[in-house]
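What follows is a single structure, written as structure tokens, with notes after it.
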Amino acid sequence: MNQALNKLTRPFGLWPSPITPELIGQGMRLADVQWAKDSETLVWCQSISGKASILAKPAGEPPYELSGPFNPSGGVGYGGGEFCTLKDGVIFVDKNGRLYARSFGAGAPTPITPAFGSAASPCASPDGKWVLYINTYEDKDTLALVDAKSKHWPINLVQGADFYMQPAWSPNGKAIAWVEWNHPNMPWDGTRLMFALLEGEPPKIVEMHQLDGDQDVPVFQPAFSPDGRTLSYITNRGEWDQLVLLNLESGEKQVLLEDMSLLRPAWVQGLRSYAWHPDGQVIYIIESCNASHILHCVNIHTKTVEQIELGDYINLGQIDISKTGKLALIAQSPRIPARVITLENGQVEIVARSQSESIHEADLAMPEHIEWPTSDGAHAYGIYYPPTNRCYTAEGLPPVVVAIHGGPTSQVSMGYDLDAAFFTSRGYGYLQVNYRGSTGYGRSYMLALRQRWGEVDTLDAFEGSQALVSMGLADPNRLVIKGGSAGGYTVLNALIRYPGYFKAGICLYGVSNLFTLEMDTHKFESHYNATLVGELPEAASRFQAWSPIFHVEKIKDPIAIFQGSEDKVVPPNQSETIVAALKSRGVPHEYHLYEGEGHGFRKSETLVAYYKAVERFLQQYVIFSS
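In the numbering used here, the protein residues as written are 95 to 720.
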């Protein structure tokens, strides 16, 4: 029997949904997964309501927690790089900035660094005696070294660059590699691949070289081959990315893969997109293609590429391989929440789940990758989720939420998206816009936002919604635009540039004043505007033209603004100034300030309050508004 015939008819936007604010608030985030050295113990990091934990699962045994009362959280930039594994335990970073060591089995975490500064991306030497890590103190980053038993004071092994990322040890412990870069670059603009030889106890650098990268050539994830003779890394010297093998003896470079999207925007520490098999003959690597992910196995001798079948999993990350060749990664699909999985001999095993997985798959929309032409002669891309609910249908055209991702140098990929499901299960369409400036569509597409932030992102969002209307997928009178951070900035500019077009806007910690953002934001992004908008004072006219606060008189559509009180990236004054201007002009608006939240909401109670507020707001100004 046709399931649609059994559905009840109810207006779009008013469907009872099993995806409640409380369910979203209870969700778990899986941050990383790694194998222990020389064993089949799997270790991962998970967090609920802002509290993270490190868990270990020996083969054939239940998992147990390693981090105790501590809150593992990388403290450099946007975070990431929470832990590394040893043969017999882990090294992890607590939110207090210290590194802790914890053995497998019974015991308690022991601090190995003093309580000052912040840390991320610990990386243990092959013998487990020494730990490289990224240290930040008084706004200066270094590549630091400490012994794993805390017998010596940490030393700054490498300093002088503005930023460091992704340290790696050679298998014999006599060499290290890392990525570094300076302002005004971001890590996807241009970085340096560095290599150093070590001697002594404690190890000291006796020779150091730059191997690749420059101001316009980014390098990502250096990794030594199992025999230590080769250094692999991802780079970009054209439109698409390359996986490069560098022979450390001869200096010869071999491009193993090219013409693929491989280089992830390194917003956080600790990212991994590929891993060497322990036999040294193949590399497993994740490709981004049309907003989904493909796992490949590449033979380093023949260059043959085999796609690895993972069933429904199309969103992949943090790949690692055990000593015996067993893969582990974090994987999800549009109808499967993020899981820690392993893969061996074609068999997938589920190790950990991020959700209860109680939602019926018929209540979860299947997304579609779409493309549309822009009025200035380009193309833009997005992911469309149709209204989906197993119990309800409706007549006519649905309201649509046009969702704008942050960054802006980032990408939204197909996966288990409870934000999308919150709306689609209530009878909204949901369009995620990968506007020009997004990654995954070639370097030219990413660079198209330079000097045009606030312009082309806004245009692509507007014309993406028009494309849905022309396809008969959206009610043109009930379009909502929503976004956070850089996406919130686009929301404000869209309401200014196209007044009366969107029925309402939802802005989360959005940028309203580029001038004050230039002065107030944190170190990592302190020169980001120079690339996206231009250098001051020369670009002052563009700063003013695309700062919403100077054009707020054009906003007439209702808007809900949400902000965390402890946001250091987009400080509360960015929201407060726009709210004050809206209030003085009598524009319908709401302002919700959540105490203790930073850039992005983590607490369960905040998420519950946010989604309840959004539902009330949309019912008032979109669903029941004439």
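For every residue, glycine included, the Cβ atom is placed at its ideal position computed from N, Cα and C.
Please give the ranges of any beta strand (DSSP E) in the region 177-254, keeping only runs that are unbroken, at least 3 residues long and fully inside the region. Every beta strand (DSSP E) of 3 residues or more that sits fully in the region 177-254 is shown, in chain order, as 177-179, 183-187, 193-197, 212-218, 224-231, 234-241, 249-252.
Return helix, strand or coil for N393, following the three-state DSSP convention. Your numbering for residue 393 matches position 299 in the sequence shown. Three-state result, N393: strand.
To which residues does DSSP link E381 through a beta bridge? Here residue 381 corresponds to residue number 287 of the sequence shown, with the count starting at 1. I388, per the DSSP bridge assignment.
Straight-line gap, G174 to Y475 (C-alpha atoms, nearest Å): Residue 174 sits at position 80 when you count from the first residue of the sequence shown. Residue 475 sits at position 381 when you count from the first residue of the sequence shown. Answer to the nearest angstrom: the Cα atoms are 28 Å apart.
Start-to-end residues for the beta strand (DSSP E) that takes in I430: Position 336 of the sequence shown, counting from 1, holds the residue named residue 430. For I430, the enclosing beta strand (DSSP E) stretches over residues 430-438.
In whole angstroms, what is the alpha-carbon distance linking W247 and E295? As a first step, residue 247 is located in the sequence shown; it is residue number 153 there, counting from the start. As a first step, residue 295 is located in the sequence shown; it is residue number 201 there, counting from the start. In a straight line, the C-alpha of W247 is about 13 Å away from that of E295.
What do you reckon, are the CB atoms on P163 and F177 nearer than 8 Å? In the sequence shown, the residue the question calls residue 163 occupies position 69. In the sequence shown, the residue the question calls residue 177 occupies position 83. Cβ distance not < 8 Å, so P163 and F177 don't count as in contact.
Nearest by alpha-carbon distance to R696: which of I402, A146, V170 is it? Counted from its first residue, the sequence shown places residue 696 at position 602. In this structure, A146 is the residue among I402, A146, V170 with its C-alpha nearest to the C-alpha of R696.
Check this for me: beta carbons of W361 and S504, under 8 Å apart or not? Residue numbering aside, residue 361 sits at position 267 when the sequence shown is read from its first letter. Residue numbering aside, residue 504 sits at position 410 when the sequence shown is read from its first letter. The answer is yes: Cβ separation under 8 Å.
Take L356 and list the residues in its own chain whose beta-carbon comes closer than 7 Å to its own, dropping the five residues that flank it on each side. Working through the sequence shown from its first residue, we reach residue 356 at position 262. Cβ within range, chain order: I328, D335, L337, S367, I379, E381.
Which residues share a DSSP beta bridge with I142? As a working mapping, residue 142 is identified with position 48 in the sequence shown. According to DSSP, I142 bridges with M122, K145.
Residue range of the alpha helix (DSSP H) that F711 falls in? Taking the first residue of the sequence shown as 1, we reach residue 711 at position 617. Run containing F711: 698-712, per the alpha helix (DSSP H) assignment.
Have a look at the DSSP bridge pairing and note the partners of W272. Looking up residue 272 in the sequence shown gives position 178. Beta bridge pairing from DSSP links W272 with M288.
Can you confirm whether the region 664-677 touches the region 118-131 when touching is taken to mean that 3 or more C-beta pairs between the two stretches lie within less than 8 Å? Fewer than three Cβ pairs drawn from the region 118-131 and the region 664-677 lie within less than 8 Å of each other, which leaves the two stretches out of contact.
By DSSP's criteria, R447 is part of a beta bridge. Which residues make up the other side? As a first step, residue 447 must be located in the sequence shown, where it is residue number 353. As a beta-bridge residue in DSSP terms, R447 pairs with R433.
Coarse secondary structure for S678, derived from DSSP in three states: Residue 678 sits at position 584 when you count from the first residue of the sequence shown. Of the three classes helix, strand and coil, the one that applies to S678 here is helix, per DSSP.
Where does Q729 fall in DSSP's three states? Since the first residue of the chain shown is 95 and the last is 720, residue 729 is not available in this structure.
By Cβ distance below 6 Å, which residues in the same chain neighbour Y172 in space, the five residues on each side in sequence not counted? Against the sequence shown, residue 172 aligns to sequence position 78. For Y172, where only same-chain residues beyond five positions count, the Cβ hits under 6 Å are W361, V362.
Through-space distance from E557 to M95, alpha-carbon basis: In the sequence shown, residue 95 corresponds to position 1, counting from 1. In the sequence shown, residue 557 corresponds to position 463, counting from 1. Here the model assigns M95 a pLDDT of 40, short of 50, so the residue's position is not dependable and the matter cannot be decided.
If you draw a straight line from the alpha carbon of V399 to that of A369, how long is it in whole angstroms? Here residue 399 is taken as the residue at index 305 of the sequence shown, counted from 1. Here residue 369 is taken as the residue at index 275 of the sequence shown, counted from 1. The alpha-carbon atoms of V399 and A369 are separated by roughly 15 Å.
Residues near P666 by beta carbon distance below 8 Å, same chain, minus five either side: On the sequence shown, position 572 is the one that residue 666 refers to. Q657, G658, S659, L687.
With C-beta atoms as the reference, is H621 less than 8 Å away from P278? Reading the sequence shown from its first residue, position 527 is the one you call residue 621. Reading the sequence shown from its first residue, position 184 is the one you call residue 278. A Cβ-Cβ contact shorter than 8 Å links H621 with P278.
Terminal residues of the continuous alpha helix (DSSP H) containing L491? Numbered from its first residue, the sequence shown carries residue 491 at position 397. For L491, no alpha helix (DSSP H) encloses it, and the DSSP letter there is neither H nor E.
F596, DSSP secondary structure in three states: Within the sequence shown, the letter at position 502 stands for residue 596. DSSP places F596 in coil when its eight states are reduced to three.
G523 in three-state terms, based on DSSP: Position 429 of the sequence shown, counted from the start, is the residue given in the question as residue 523. Strand at G523.
Taking the straight line between their C-alpha atoms, what separation do you get for P492 and G521? To locate residue 492, count along the sequence shown from 1; it is residue 398. To locate residue 521, count along the sequence shown from 1; it is residue 427. C-alpha separation (whole angstroms): 7 Å.
V702 versus P115 - alpha carbon distance: The residue you call residue 702 lines up with position 608 of the sequence shown. The residue you call residue 115 lines up with position 21 of the sequence shown. Approximately 5 Å, taken between the alpha carbons.
How would you label E155, buried or exposed, when you count the other beta carbons within 10 angstroms and need 16 or more for buried? Walking along the sequence shown from the start, residue 155 turns up at place 61. Flag for E155 reads exposed.
Spatial distance of A255 from T236 (CA atoms): Looking up residue 255 in the sequence shown gives position 161. Looking up residue 236 in the sequence shown gives position 142. The straight-line gap from Cα to Cα measures roughly 8 Å.
With DSSP as the reference, label N165 as helix, strand or coil. Walking along the sequence shown from the start, residue 165 turns up at place 71. Coil at N165, not helix or strand.
Whole-Å CB distance - I394 paired with L339, under 8 Å assumed: Residue numbering aside, residue 394 sits at position 300 when the sequence shown is read from its first letter. Residue numbering aside, residue 339 sits at position 245 when the sequence shown is read from its first letter. The pair is a contact, with the Cβ atoms about 6 Å apart (cut-off 8 Å).
State whether the region 436-449 contacts the region 525-542, with contact taken as three or more CB pairs (one from each stretch) at a distance under 8 Å. Contact between the region 436-449 and the region 525-542 is absent, because fewer than three Cβ pairs lie under 8 Å.
Under the three-state DSSP convention, the category P642 falls into: Sequence index remark: in the sequence shown, residue 642 carries index 548 (1-based). In the structure shown, P642 sits in a helix (DSSP, three-state: H, G or I).
Which first and last residues belong to the beta strand (DSSP E) in which S326 is found? Residue numbering aside, residue 326 sits at position 232 when the sequence shown is read from its first letter. Residues 324-330.
Spatial neighbours of G374 within its chain, please: CB distance less than 6 Å, with the 5 preceding and 5 following residues excluded, ordered by chain position. For this step, residue 374 is matched to residue 280 along the sequence shown. Excluding residues within five positions, the ones whose Cβ falls inside 6 Å are S319, P320, D321.
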